[in-house]
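These notes are about the structure you will find just below.
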Amino acid sequence: MSSSGPDSGAGVVSIAASAGVAVVVIAAGVDQAAGARGPGAEMSRAPHVGCSRQLKAAAAWDATEQIALRRYFKYDSVSKTSTCQIEDCQHVVSGDHGGNLERRLQRHHKEVYDNIQADKAYSKKRVVLDEAEGSPAAKHRQVDIQNMFKPISPKCVLLEITEDIIMNSCVELVTRNGRPFRLIDDSVFRKIIDPVLKALNAKLAITAETVKDRVQEEAKSKREEISQSLKNRMFSLKIDSASRLDRALLSINAQYAENGKLILQPLAMNEVYDRHTAEHLTSQVKNTLSRYDLIVTQVYSVTTDNGANMLKAARLLSETDDEPDASSSDEDDDSGYPEFGYCGSLLDDSEDGADFGWSRLMEPMEPMEPILS
96 MSSSGPDSGA GVVSIAASAG VAVVVIAAGV DQAAGARGPG AEMSRAPHVG
146 CSRQLKAAAA WDATEQIALR RYFKYDSVSK TSTCQIEDCQ HVVSGDHGGN
196 LERRLQRHHK EVYDNIQADK AYSKKRVVLD EAEGSPAAKH RQVDIQNMFK
246 PISPKCVLLE ITEDIIMNSC VELVTRNGRP FRLIDDSVFR KIIDPVLKAL
296 NAKLAITAET VKDRVQEEAK SKREEISQSL KNRMFSLKID SASRLDRALL
346 SINAQYAENG KLILQPLAMN EVYDRHTAEH LTSQVKNTLS RYDLIVTQVY
396 SVTTDNGANM LKAARLLSET DDEPDASSSD EDDDSGYPEF GYCGSLLDDS
446 EDGADFGWSR LMEPMEPMEP ILS
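Numbering (the numbering used here), first residue to last: 96 to 468.
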């Protein structure tokens, strides 16, 4: 949708649509700054009705005309005198007062003075009422606020848009742009999208509740996509936490190689309400992996900071992987998955670090039955 111009505000009047293309009819309101004041604003305190021609003429004598008058004189701020620059006059006038300069031109430079008076008369004519047309020169007078916005003829524009585009835009508004869901139900926002939905004969209601449902659907679809990408694949975990005031967040990311490129895929950004113990962090990681149908034995390494709780949580994950399963056979133990390797922290200076030749180890493996813990 578009407005009538850079100086106009717009509101939707009506919309018609055909074959998924909405035709938007917009009524634009022109923002007319009718209250512009000239240099004679000190006179604006006088009432407009019954104002004398002398006051209007004084208001018309604006800064532009004053500049035109002073261009014939050169002012010396040290001696505080003005020197006439017309031809070879060089007459010195005391001060810089406009009246003194004007009288000098009137008495000794009649032609220049007449030209300035002609400009002055033109300015005065713009201010006074035009008796022939009966309309005031609104640009130079203050008017009521009701008269500042005057509607003009509506305009029609073609708008290519669909219900899905509107819904996806609302989802992006509350996710990537971080706006609250209640924005979708705000009256001003409804004035924007309701006419478009009406023109499209939309079958889907776009409200805060339906946008929430779509966000859940998109999140589920994204989890399924990540789950398929990591199926039967070794990957590394990167875990970090952050806190601000009374809120704490735990970030869990999967890192793996695909087609020779290293990919970092966020799995979760969980808000932590309990104490940041190693046991609680381990539980958070396990729950996150289960949401993606992943198991601990697929984890090749864990990268954390050097916090004691993070290091212990990584060790607990390793111990969980090492626990024997009574129901599993010897053949299950030889499943082909490499043993879970704990890399510790990137801040450690241990010489027995992990082998960073991940491209081969982290490529997809042949499907096989995982070890159940």
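We put the beta carbon where it would ideally sit given N, CA and C, even for glycine.
I'd like the list of long-range same chain contacts for residue i, defined as Cβ closer than 7 Å, with 5 residues on each side in sequence excluded.
i    : result
Y387 : R318, I321, S322, L325 and L362
F276 : V269, A303, V306 and K307
R309 : M262 and V266
S174 : none
Would a C-beta distance cut-off of 8 Å place residue i and residue j closer than the cut-off?
i    : j    : result
K333 : T392 : no
A343 : E366 : yes
I287 : T302 : no
L196 : Y208 : no
T383 : N404 : no
Report the rounded CA-to-CA distance for residue i versus residue j, giving the unit in angstroms.
i    : j    : result
L268 : Q379 : 29 Å
S331 : S413 : 13 Å
D214 : T257 : 58 Å
I162 : G193 : 10 Å
V283 : Q350 : 43 Å
N348 : M364 : 9 Å
T377 : A408 : 5 Å
L340 : M262 : 34 Å
E206 : R198 : 13 Å
R165 : H203 : 15 Å
S338 : K381 : 21 Å
D281 : I260 : 19 Å
S352 : D335 : The displayed chain sequence assigns Ala, not Ser, to residue 352. Whole-angstrom Cα-Cα distance: 21 Å.
Q311 : K356 : 30 Å
E313 : Q360 : 16 Å
C184 : S172 : 20 Å
E255 : S346 : 40 Å
I181 : K250 : 55 Å
M329 : L406 : 21 Å
N354 : A297 : 43 Å
N327 : R271 : 31 Å
S385 : R285 : 40 Å
With a threshold of 16 other CB atoms inside 10 Å of the CB of residue i, please say whether the residue is buried or exposed.
i    : result
L292 : buried
C265 : buried
V394 : buried
L299 : exposed
A216 : exposed
S396 : buried
I358 : exposed
Only counting the same chain, and skipping five residues up and downstream in sequence, which positions put a Cβ closer than 6 Å to that of residue i?
i    : result
D191 : Y170 and S177
D369 : H375
Please work out which residues of its chain come closer than 8 Å, Cβ to Cβ, to residue i, disregarding the five sequence neighbours upstream and downstream, and give them in chain order.
i    : result
V39  : Because the chain is modelled from 96 through 468, residue 39 falls outside the range shown and cannot be assessed.
R274 : L268
H186 : T178, C179, R199 and H203
L411 : A373, E374 and T377
K315 : none
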